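Scroll down for the structure; my scribbles are underneath it.
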Amino acid sequence: MANIDVRLLRYFIAVAETGHMTRAAERLGIGQPPLSQQIRVLETQLGVTLFDRLPRGMALTDAGQAFLADACEVVRKLDQAVDDVRRVAAGIKGRLSVGFTSSSALHPFVPTVIRAFRRDAPSVSLMLDESSTSELLDGLRDGQLDAAFIRQPQGDIGQIAFVPVLEEAMVLAVPSAHALALTGRAGKAAVPMTAVAAEKLILYRRRTGQGLYDAIIAACHSAGFSPNIEQEAPRLLSTLSLVAAGLGVSVVPASLMRMQIEGIVYRPLSPAPRAPLHFAYREGVLAGPSARLLDHVRATAQSFVARP
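Note that full-length UniProt numbering has the sequence shown beginning at 1, numbered continuously upward.
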């Protein structure tokens with residue numbers, strides 16, 4: 001059976017369903033003599049007679065009747081396999097594992113892309129994983145992840161490709177009763193970066209978010225001071241919780257202003273550190289769902305207005 005051309009099975013099915021060689025040939029778009037010859041080739045390969053040749057048509061023999069169901073199933077499974085592999089290659093079927101850091105997931109760009117991809121490819125099995133940047137990069141390299149949204153490339157970036165998506169300013173998060181929350185017109189005037197020097201700074205833990213951490217430290221050094229780091233929180237939201245409790249101030253991406261956490265006021269900084277967002281994947285040619293996701297990333301980035 002393994003050596004039988006699938007075209008012979010299609011020819012056989014057409015003749016069996018029409019019960020007539022000429023009508024089957026018309027359905028298949030081939031001549032009647034070549035079709036008759038191919039049916040005989042199939043019978044020879046099988047070593048059985050599949051049809052009784054009648055004056056006005058073709059009738060299945062018992063062997064032909066038994067063979068028909070299996071032939072239809074073989075052709076159906078082959079057609080399904082071809083359709084499936086084409087859908088996977090087109091990125092509308094298959095499996096996709098996407099990682100993200102907590103700070104990148106809080107930017108509206110990421111859920112916007114995920115929603116667009118889900119609408120476009122609902123048959124793709126989509127798995128999401130939140131982790132640190134270093135863990136996400138390891139996941140990409142060992143094949144556990146297909147793509148990831150991260151803030152800043154860091155450490156060993158071998159075998160990983162990065163697509164810059166957008167960049168946003170970082171802002172100062174202060175307790176609502178803090179003097180910096182009350183200064184300036186309606187609290188909207190920019191706070192000099194040098195003002196952070198006198199504050200207890202609460203940061204997102206470096207080993208979890210090295211890119212943001214290093215950007216903040218670099219901005220402090222550029223302003224001429226070393227920050228007074230009071231605490232390092234394990235999660236970005238826990239950083240804000242500590243600020244709301246009055247334990248210090250923090251510098252966070254501007255997209256977090258959407259959180260509207262009670263007890264926190266956000267103030268622009270001058271000059272403001274920048275928080276980039278990157279789409280990362282294993283080096284090489286992307287295919288299937290990963291490539292389709294990247295298409296959505298690029299399309300969304302073109303139309304997305306980054307928050308200040």
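Built from N, CA and C at the ideal position, the CB exists for glycine as well. Computed from a predicted model, the values in this text were never measured in an experiment.
{"Check": "My assumption, with CB atoms under 8 Å, is that Gly64 sits in contact with Leu78. Please give the rounded CB distance.", "Outcome": "Not quite, the Cβ-Cβ distance comes to about 20 Å (not below 8 Å), so this is no contact."}
{"Check": "Quick one: what's Met170 bridged to in DSSP?", "Outcome": "Pro253"}
{"Check": "Who are the Cβ neighbours of Lys93 in its own chain at under 7 Å, not counting the five residues just before and after it?", "Outcome": "Asp84, Arg87, Ser123, Val124"}
{"Check": "Name the one or two DSSP bridge partners that Asp52 has.", "Outcome": "Ala59"}
{"Check": "Can you tell me whether Leu35 is buried or exposed, with buried defined as 16 or more other CB within 10 angstroms of its CB?", "Outcome": "buried"}
{"Check": "Taking 8 Å as the cut-off, does the stretch 58-72 touch the stretch 255-274 (at least 3 CB pairs, one atom from each stretch)?", "Outcome": "no"}
{"Check": "What do you get for Ala186, buried or exposed, if any count of 16 or more other CB atoms within 10 angstroms of its CB means buried?", "Outcome": "For Ala186, the predicted structure reports a pLDDT of 47, less than 50, and the residue's modelled location is therefore unreliable. A value from the coordinates is still provided. Exposed."}
{"Check": "Which residues share a DSSP beta bridge with Gly99?", "Outcome": "Asp129, Ala148"}
{"Check": "State the Cα-Cα distance for the pair Thr208 and Phe304, rounded to the nearest angstrom.", "Outcome": "27 Å"}
{"Check": "Under DSSP, the alpha helix (DSSP H) around Leu269 begins and ends at which residues?", "Outcome": "Run containing Leu269: none in the alpha helix (DSSP H); it sits in the beta strand (DSSP E), 264-270."}
{"Check": "Do you know how far the Cα of Ala254 is from the Cα of Leu240?", "Outcome": "13 Å"}
{"Check": "Tell me which residues share the same chain as Gly57 and place their Cβ nearer than 7 Å to its Cβ, disregarding the 5 neighbours each side in the sequence.", "Outcome": "Gly19, His20"}
{"Check": "Can you tell me whether Gln260 is buried or exposed? The criterion is at least 16 other CB atoms within 10 Å of its CB, across all chains shown.", "Outcome": "exposed"}
{"Check": "Using C-beta distances below 6 Å, list every residue in its chain close to Ser199, excluding the 5 sequence neighbours before and after it, in chain order.", "Outcome": "Just to set this straight, residue 199 is Glu in the shown sequence, not Ser. Counting only Cβ-Cβ distances below 6 Å, and skipping sequence neighbours, we find Val249."}
{"Check": "What separation, rounded to the nearest whole angstrom, lies between the Cα atoms of Val110 and Thr101?", "Outcome": "10 Å"}
{"Check": "Start and end of the beta strand (DSSP E) containing Glu232?", "Outcome": "228-233"}
{"Check": "Could you name the residues of the same chain whose beta carbon sits closer than 7 Å to that of Arg235, not counting the 5 residues immediately before and after it, in chain order?", "Outcome": "Ser102"}
{"Check": "If we ignore side chains and look at the alpha-carbon of each, how far apart do residue 335 and Thr300 end up?", "Outcome": "An answer regarding residue 335 cannot be provided, because it is not within the stretch 1 to 308 covered by the chain."}
{"Check": "Quick check: the stretch 213-228 against the stretch 135-143, are at least 3 beta-carbon pairs closer than 8 Å?", "Outcome": "no"}
{"Check": "Is Ala157 helix, strand or coil by DSSP?", "Outcome": "Sequence inspection shows Ile at residue 157; the Ala mentioned does not correspond to that position. Reduced to three states, the DSSP call for Ile157 is coil."}
{"Check": "So what does DSSP say about Arg206, is it helix, strand or coil?", "Outcome": "coil"}
{"Check": "Answer yes or no: do Gln152 and Pro276 have a C-beta to C-beta separation smaller than 7 Å?", "Outcome": "yes"}
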